[in-house]
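*Asks:* Numbering (the working numbering), first residue to last: 13 to 584. Idealized CB from N, CA, C, for every residue including glycine. Supplied in structure tokens, the structure appears directly below.
The structure is reproduced here in structure tokens:
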């Protein structure tokens, strides 16, 4: 197999397993999964749910918040190391050594050494993800799930709803925004960082998806724990991949397929979203965000005409249990709820009066882009409790996040044929359009592999992925003899997690969810047998209603509803 064919095979098989590593190497795959979810009948069925009745009458933001609650109720975030198993750096480097160097990976991928800014050194990245119990060469597979695999989590012990990791949730959101909220694909951007994936939606001031939640510009700057969590990736990591309907751009590759004008406009809008003016309310939000600085401030409150004071950290603590806020027009109501004994009648020495600082910011229209204004603001922090330079630097970072996006100086090579799918098209029309452009649009072509469509793709990539990258079923059955394994497989529910004929689950999906069509069960058994006997010949004879597995002189028969064409799969 020549280098071009080898890369093509790796890309196609990667579109099936969709590990974080594979998506990093082949950036076109993240949007291919969006298209696979758009083709899926699952999300189209959401349109019939009463929850979405009357959506066409709502403004876009209201539609999106309706979708958010639907997703919140039906999916949880999952990053369990045991779900899709483990691999090793050595194995993955060997697999991709002709495509990317170890040094490049170490600079860009968290599992291969990249730790971003100081934040990631502080948390100890391997301990953070539970990898510290393994040797330093072990890394998780962390496969991105299709909507069907996300839904199927409810069949696993301990799960009452669907689940998925961050890329799964981001691609699910993108597809559902298009299908349910009728947001055009041109307004949806997918951003992947070494440890996270989220979307930017270009409506109003912009909206970010963050796992299951949504973040508006106001929420980004409100200083709450949820916004702090949402800010983490863009504050501490570089954006390695930006994907859009026009294509993608990647930090490490010189070539990009995204429309450069679209990318320039995205950069402009994201920067506007991440930057805001310093106001008196925002100053309070900053203190909510930086709880470690609250001890240096006090709040003034008048009772019976006499000024009283309360340490800011106490006031913020009361805020957490109240419907009122310390940083907006409801401050007076919040302070009125606090027990009188929490206040003292004189100013507290060494603490800045937040009211006075906010008056200064409001009355002087402080502009953080003007050095003289910043110097005047700095004068307020001449107290032993604070390091003024650090405080000013923190305020600037809070008000102006500078995202580290892929550089613009790339060789732009657009896809020969644009996607050209819109919210008015039917599912059948979208699938036909994607089929028609497969020869001129790599993202569309790979979508059918991510869709697991064995009728529209060749068998080899699927079989390669099934046998080489499904360690969970092998590990889970390692203490069982073959007869017990066969009995266990036969006892699984005879139903595929994929509704359509021709679409198939991988072995570890069958094992994890304890269900599968006969064709899927046969491949699960083949995966386990191959791991135990790597040199024997294994064939799977497929027909529309039956599958026959031949291995080591024995035959195992399974009934199938996948309606696959008659063929023989030679297990690699």
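Alpha carbons only, please: which of 190, 112 and 61 is nearest the one belonging to residue 49?
*Replies:* Here the closest residue by C-alpha is 190.
*Asks:* Do the CB positions of residue 46 and residue 183 come within less than 8 Å of each other?
*Replies:* A contact, by the Cβ cut-off of 8 Å.
*Asks:* So, using beta-carbon positions, are residue 294 and residue 393 closer together than 8 Å?
*Replies:* It is not a contact, given that the beta carbons lie outside the stated cut-off.
*Asks:* Would you say residue 364 and residue 395 are within 8 Å of each other, going by their C-beta atoms?
*Replies:* Closer than 8 Å, so yes.
*Asks:* To the nearest whole angstrom, what separates the beta carbons of residue 485 and residue 573, a pair I think is in contact under 8 Å?
*Replies:* Not quite, the Cβ-Cβ distance comes to about 21 Å (not below 8 Å), so this is no contact.
*Asks:* Pick from 415, 480 and 419: whose alpha carbon is nearest that of residue 99?
*Replies:* Checking every option, the nearest Cα to that of residue 99 belongs to 480.
*Asks:* Taking the alpha-carbon of residue 165 as reference, which of 217, 101 and 86 has the nearest alpha-carbon?
*Replies:* Checking every option, the nearest Cα to that of residue 165 belongs to 86.
*Asks:* As a quick exercise: from 362, 357, 358 and 390, pick the residue whose alpha carbon is nearest that of residue 373.
*Replies:* Minimum Cα distance to residue 373 is reached at 390.
*Asks:* Under 8 Å by Cβ, that's how I've got residue 540 and residue 497 pegged, so tell me the actual separation to the nearest angstrom.
*Replies:* With 8 Å as the limit, residue 540 and residue 497 qualify as a contact, their Cβ atoms being about 6 Å apart.
*Asks:* With a CB to CB cut of under 7 Å and the five nearest residues on each side skipped, what residues in its chain are close to residue 186?
*Replies:* The answer, listed in chain order, is 46, 200, 202 and 211.
*Asks:* My understanding is that residue 515 touches residue 463, with C-beta atoms under 8 Å, so please give their C-beta distance in whole angstroms.
*Replies:* Their Cβ separation, rounded to whole angstroms, is 7 Å, which keeps residue 515 and residue 463 in contact under 8 Å.
*Asks:* Got a sec? Which residues, its chain only, sit under 7 Å from residue 30 by beta carbon, not counting five neighbours each side?
*Replies:* Counting only Cβ-Cβ distances below 7 Å, and skipping sequence neighbours, we find 41, 45, 155, 156 and 462.
*Asks:* Please classify residue 96 as buried or exposed, where buried requires at least 16 other C-beta atoms within 10 Å of its C-beta.
*Replies:* When all chains shown are included, residue 96 counts as buried.
*Asks:* Would you call the CB atoms of residue 309 and residue 366 closer than 8 Å?
*Replies:* Yes. Within cutoff.
*Asks:* Name the two residues that bound the continuous beta strand (DSSP E) containing residue 567.
*Replies:* From DSSP, the beta strand (DSSP E) with residue 567 extends over 566 to 571.
*Asks:* Here's a check: name, in chain order, each residue in its chain whose Cβ is nearer than 6 Å to the Cβ of residue 439, leaving out the five neighbours to either side.
*Replies:* Here the set comprises 56.
*Asks:* Whole angstroms are fine: how far does the CA of residue 533 sit from the CA of residue 301?
*Replies:* For residue 301 and residue 533, the distance between alpha carbons rounds to 51 Å.
*Asks:* Sorted by chain position, which residues of the same chain lie with C-beta nearer than 7 Å to residue 519's C-beta, five sequence neighbours on each side aside?
*Replies:* Contacts found: 478, 482, 485, 535, 536 and 539.
*Asks:* I think residue 267 touches residue 425, with their Cβ atoms under 8 Å apart; what is that distance to the nearest whole Å?
*Replies:* The pair is a contact, with the Cβ atoms about 6 Å apart (cut-off 8 Å).
*Asks:* What residue from 549, 215, 311 and 316 has the CA that sits closest to residue 328's CA?
*Replies:* Cα-wise, what sits closest to residue 328 is 311.
*Asks:* Quick test of your reading: residue 433 and residue 197, contact by CB under 8 Å. State the CB separation rounded to the nearest angstrom.
*Replies:* At roughly 7 Å, the Cβ-Cβ gap stays under 8 Å, so residue 433 and residue 197 are in contact.
*Asks:* Would you kindly work out how many angstroms separate the C-alpha atoms of residue 338 and residue 348, rounded to a whole number?
*Replies:* If you take the alpha carbons of residue 338 and residue 348, they lie about 11 Å apart.
*Asks:* Which residue wins for smallest C-alpha separation from residue 542, given the options 530, 564 and 569?
*Replies:* Nearest of 530, 564 and 569 to residue 542, Cα basis: 564.
*Asks:* Enumerate in chain order the residues of its own chain whose CB-to-CB distance from residue 159 is below 7 Å, with the five nearest sequence positions on each side excluded.
*Replies:* Excluding residues within five positions, the ones whose Cβ falls inside 7 Å are 49, 52, 54, 55 and 184.
*Asks:* By the 10 Å Cβ neighbour count, where 16 or more other Cβ atoms means buried, how is residue 556 classified, buried or exposed?
*Replies:* It counts as exposed.
*Asks:* Which stretch, first to last residue, makes up the alpha helix (DSSP H) that contains residue 524?
*Replies:* That run of the alpha helix (DSSP H) goes 519 to 525.
*Asks:* Excluding sequence positions up to five away, which residues of its chain have a Cβ less than 8 Å from the Cβ of residue 466?
*Replies:* Answer for residue 466: 474, 514, 515, 516, 574 and 576, listed in chain order.
*Asks:* Write down every uninterrupted run of the beta strand (DSSP E) in the segment 195 to 264 whose length is 3 residues or greater and which is fully enclosed by it, in chain order.
*Replies:* Counting only runs of 3 or more, we get 200 to 205, 208 to 213, 219 to 222, 225 to 228, 253 to 256 and 259 to 262.
*Asks:* Apart from the five residues on each side of it in sequence, which residues of its chain come closer than 8 Å, Cβ to Cβ, to residue 149?
*Replies:* Answer for residue 149: 100, 101 and 102, listed in chain order.
*Asks:* Taking residue 175 and residue 88 to be in contact with their CB atoms under 8 Å, please state how far apart those CB atoms are, rounded to whole angstroms.
*Replies:* Contact flag correct, Cβ pair sits at about 5 Å.
*Asks:* Tell me the DSSP bridge mates of residue 581?
*Replies:* Bridge partners of residue 581: 552.
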